[in-house]
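A.B. asks:
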Amino acid sequence: MTVAVEELERFVAELLAARGVSAERAGVIAAFMAKADRYGVATHGVARLGAYLGRIDAGVMELDPEPRIVEERAATALLDAGNGWGQIAASRAMRLAIDKARVAGIGAVSVANSNHFGVAGHYVELAAKAGCIGVAMTNASPAMAPFNAKVALLGTNPIAFGVPVAGAAPVILDMSSSLVARGKIRRAFNEGAERIPEGWAVDKDGLPTTDPAAALAGLLAPIGGAKGTGLSLIIDILSGLLSGTGRTGEVANIMDASRPSGTGHLLIAIDPDAFIGRDAFEAAVAETGERIHAMEAADGGRVLLPGQLEHERADSIGAAGVALPADVRAELDALAERFGVERPSESSWPPPRRRLLGLGVALTDTARWSGCHGHVDPFTQRAQ
Numbered sequence: 001m002t003v004a005v006e007e008l009e010r011f012v013a014e015l016l017a018a019r020g021v022s023a024e025r026a027g028v029i030a031a032f033m034a035k036a037d038r039y040g041v042a043t044h045g046v047a048r049l050g051a052y053l054g055r056i057d058a059g060v061m062e063l064d065p066e067p068r069i070v071e072e073r074a075a076t077a078l079l080d081a082g083n084g085w086g087q088i089a090a091s092r093a094m095r096l097a098i099d100k101a102r103v104a105g106i107g108a109v110s111v112a113n114s115n116h117f118g119v120a121g122h123y124v125e126l127a128a129k130a131g132c133i134g135v136a137m138t139n140a141s142p143a144m145a146p147f148n149a150k151v152a153l154l155g156t157n158p159i160a161f162g163v164p165v166a167g168a169a170p171v172i173l174d175m176s177s178s179l180v181a182r183g184k185i186r187r188a189f190n191e192g193a194e195r196i197p198e199g200w201a202v203d204k205d206g207l208p209t210t211d212p213a214a215a216l217a218g219l220l221a222p223i224g225g226a227k228g229t230g231l232s233l234i235i236d237i238l239s240g241l242l243s244g245t246g247r248t249g250e251v252a253n254i255m256d257a258s259r260p261s262g263t264g265h266l267l268i269a270i271d272p273d274a275f276i277g278r279d280a281f282e283a284a285v286a287e288t289g290e291r292i293h294a295m296e297a298a299d300g301g302r303v304l305l306p307g308q309l310e311h312e313r314a315d316s317i318g319a320a321g322v323a324l325p326a327d328v329r330a331e332l333d334a335l336a337e338r339f340g341v342e343r344p345s346e347s348s349w350p351p352p353r354r355r356l357l358g359l360g361v362a363l364t365d366t367a368r369w370s371g372c373h374g375h376v377d378p379f380t381q382r383a384q
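Here is the structure:
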């Protein structure tokens with residue numbers, strides 16, 4: 001069935017509030033999860049809700065902690081997430097990094113003691129829409145072996161960059177250090193797919209496999225061989241070791257409810273005004289984009305910028321709604337019954353304009369931004 005993005009956001013926010021998450025934080029988490037589905041990243045959207053709540057139920061993730069600053073300097077900070085929601089900690093860290101970039105030209109905030117934070121690209125988009133260059137990265141549970149090794153130690157550790165563009169959507173590069181994210185293989189397995197594409201993974205014996213179950217029990221293939229595992233290692237160092245969260249290879253899988261996650265993040269914002277100036281920079285990026293778009297495509301299609309397809313997909317899904325697989329729908333129905341929350345209703349268009357839990361967040365509104373020097377928080381609509 002198909003559900004409007006706004007309806008998914010309403011459902012997640014109300015359900016989290018019913019579980020005991022504060023209204024404001026429930027709204028932020030819901031916005032990030034619904035946005036993942038809108039951008040077509042279903043593996044990081046509402047399909048993760050049951051896993052998050054399962055970890056809370058098991059006592060290995062905190063329900064509603066307040067992230068706190070434990071170390072701070074002019075351009076840097078270390079934020080302790082309190083073993084709470086990665087979406088809350090990472091968005092708080094990026095806002096703090098933006099604030100620091102206004103003053104120092106660059107802001108870098110490390111996050112310790114966190115959990116899975118969803119789509120890395122969403123945090124750099126916050127920076128880009130605020131007129132800053134954004135960088136976000138996080139470590140993940142072991143899924144790849146170091147180059148020429150046989151045992152998993154490194155995660156699919158993603159890294160994302162966001163760049164503001166004059167008169168256009170930001171350029172967003174969001175990539176894992178593996179050829180594909182583990183979530184894509186898990187989704188194929190959950191949907192009963194018999195095969196995954198060749199080259200995605202190897203089995204437990206190190207042999208190439210197209211069997212989703214064997215792939216989940218084996219190792220994921222890195223991008224570019226040794227380059228991909230090297231990139232994963234550096235991201236782990238900057239996310240996990242720099243924050244003091246834990247040793248390499250000790251991050252718990254999101255489906256593992258036996259121990260805390262031990263996830264760390266690094267969020268960076270760079271203010272172009274500290275260099276050639278915001279207007280000149282954004283114009284230069286726009287000119288580069290125009291040159292790329294004007295190039296002849298090798299296959300007769302289009303030559304695109306990073307993130308462009310995702311923005312187009314968001315427009316399409318925003319209009320048509322999110323198609324929920326049967327297993328995800330069943331899980332959401334069970335959660336709705338458990339917490340006494342109205343189930344997500346099938347999509348109707350246009351969606352009603354709602355204000356989320358009294359927070360003043362118009363779910364069908366687009367946040368307005370005034371640049372890195374005085375931005376507007378996209379969820380609370382308050383000037384920061």
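In this text, residue positions in the sequence shown follow UniProt numbering: the first is 1, and each later residue adds one. Glycine included, every Cβ here is placed at the ideal spot set by N, Cα and C.
Compare the C-alpha of Asn253 against each of Gln308, Arg182 and Leu231 and name the closest.
C.D. replies: Looking at the Cα atoms, Arg182 is the closest of the given residues.
A.B. asks: Looking at the secondary structure, which residues open and close the beta strand (DSSP E) in which Asp174 lies?
C.D. replies: Counting along the chain, the beta strand (DSSP E) containing Asp174 begins and ends at Ala168 to Met175.
A.B. asks: Alpha carbon to alpha carbon, how far is Ala75 from Val135?
C.D. replies: Approximately 15 Å between the Cα atoms of the pair.
A.B. asks: Nearest to Ala188 by CA position, among Gly82, Glu125 and Asp327, is which residue?
C.D. replies: Taking only the C-alpha atoms, the option nearest Ala188 is Asp327.
A.B. asks: Against chain D, with Cβ distances strictly below 9 Å, would Ala130 count as a contact?
C.D. replies: No chain D is present in this structure, which holds just one protein chain.
A.B. asks: Can you tell me whether Met61 is helix, strand or coil according to DSSP?
C.D. replies: Three-state result, Met61: coil.
A.B. asks: Taking only runs that begin and end inside the region 92-152, name each unbroken alpha helix (DSSP H) of 4 or more residues, in chain order.
C.D. replies: List check, alpha helix (DSSP H) in window: 120-129.
A.B. asks: Grab the span of the alpha helix (DSSP H) containing Phe161 for me, first residue to last.
C.D. replies: Note, Phe161: premise wrong, no alpha helix (DSSP H); beta strand (DSSP E) at Ile159 to Val165.
A.B. asks: Can you give the Cα-Cα distance for Ala257 and Ala81, rounded to whole angstroms?
C.D. replies: Each residue's Cα considered, the two are about 18 Å apart.
A.B. asks: Determine the direct distance from the alpha carbon of Asn148 to that of Phe117, and round the result to whole angstroms.
C.D. replies: If you take the alpha carbons of Phe117 and Asn148, they lie about 30 Å apart.
A.B. asks: First and last residue of the alpha helix (DSSP H) that includes Ile276?
C.D. replies: Looking at the DSSP string, Ile276 is not in any alpha helix (DSSP H), and its letter there is neither H nor E.
A.B. asks: Would you report the Cα separation of Pro170 and Gly131, rounded to the nearest angstrom?
C.D. replies: Between Pro170 and Gly131, the C-alpha separation is close to 10 Å.
A.B. asks: Can you list the beta strand (DSSP E) stretches of 3 or more residues lying completely in the region 260-345, in chain order?
C.D. replies: 263-270, all fully within the region 260-345.
A.B. asks: Could you please give me the residues that DSSP links to Ser178 through a beta bridge?
C.D. replies: Looking at the DSSP assignment, Ser178 forms a beta bridge with Pro222.
A.B. asks: Around the Cβ of Leu309, are there at least 16 other Cβ atoms within 10 angstroms (buried) or fewer (exposed)?
C.D. replies: Exposed, because fewer than 16 other Cβ atoms sit within 10 Å of the Cβ of Leu309.
A.B. asks: Between which two residues does the beta strand (DSSP E) carrying residue 392 extend?
C.D. replies: What is shown of the chain runs 1 to 384, which leaves residue 392 out entirely.
A.B. asks: Quick check: the region 297-304 against the region 274-281, are at least 3 beta-carbon pairs closer than 8 Å?
C.D. replies: Segments in contact, no.
A.B. asks: What's the C-alpha gap between Ala330 and Ala314?
C.D. replies: Each residue's Cα considered, the two are about 24 Å apart.
A.B. asks: Can Glu7 be considered in contact with the ligand SAH, in the sense that its beta carbon sits closer than 8 Å to one or more heavy atoms?
C.D. replies: Inclusion of the ligand SAH in the displayed structure is not the case, the ligand content being empty and no account of it being possible.
A.B. asks: Reducing DSSP to helix, strand and coil, say where Glu6 ends up.
C.D. replies: Helix.
A.B. asks: For a quick check, are the C-beta atoms of Ser239 and Met137 less than 9 Å apart?
C.D. replies: Contact flag set, yes.
A.B. asks: Since Asp37 is in the beta strand (DSSP E), which residue starts that stretch and which ends it?
C.D. replies: Per DSSP, Asp37 belongs to no beta strand (DSSP E); it is in the alpha helix (DSSP H), Ala23 to Arg38.
A.B. asks: Is DSSP giving Leu79 helix, strand or coil here?
C.D. replies: Of the three classes helix, strand and coil, the one that applies to Leu79 here is strand, per DSSP.
A.B. asks: From Ala101, Ile98, Thr245 and Leu231, pick the residue whose C-alpha is nearest to that of Met175; which is it?
C.D. replies: Out of Ala101, Ile98, Thr245 and Leu231, Leu231 has the C-alpha closest to the C-alpha of Met175.
A.B. asks: Out of Ala112, Thr43 and Ala221, state which residue places its alpha-carbon closest to the alpha-carbon of Pro142.
C.D. replies: Cα-wise, what sits closest to Pro142 is Ala221.
A.B. asks: With H, G and I counted as helix, E and B as strand and the rest as coil, what does DSSP make of Leu242?
C.D. replies: In this structure, Leu242 counts as coil in the three-state DSSP scheme.
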